């Protein structure tokens, strides 16, 4: 009889702990998805900035070439 009474709270604690663990897993999974989305957004912004700077660099390079030809 004593054995059954002491096991009930232990089982209840195990069930509660399992629920808590599952909630933590769900929360961490959501956080990871959000962070992955944020990283993807930053990567796209970085690529857009890179392309923009490459275009600017090409334009400046062409302007410098033309200016050099004028003074030559």
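Numbering (the working numbering), first residue to last: 1 to 72. Just so it is clear, CB atoms sit at the ideal spot from N, CA and C, and this is done for glycine as well. Quantities reported herein were computed from a predicted structural model and do not represent experimental measurements.
Suppose the cutoff is 8 Å on Cβ atoms and the five residues either side in sequence are ignored; what does the same chain contact list for residue i look like?
i	result
residue 71	none
Please classify residue i as buried or exposed, where buried requires at least 16 other C-beta atoms within 10 Å of its C-beta.
i	result
residue 1	The predicted model places residue 1 with a pLDDT of 45, which falls under 50 and marks its position as unreliable; any figure quoted below should be read in that light. Answer is exposed; the Cβ neighbour count stays below 16.
Which residues in the same chain as residue i place their Cβ atom closer than 7 Å to its Cβ, once the five residues preceding and following it in sequence are excluded?
i	result
residue 57	none
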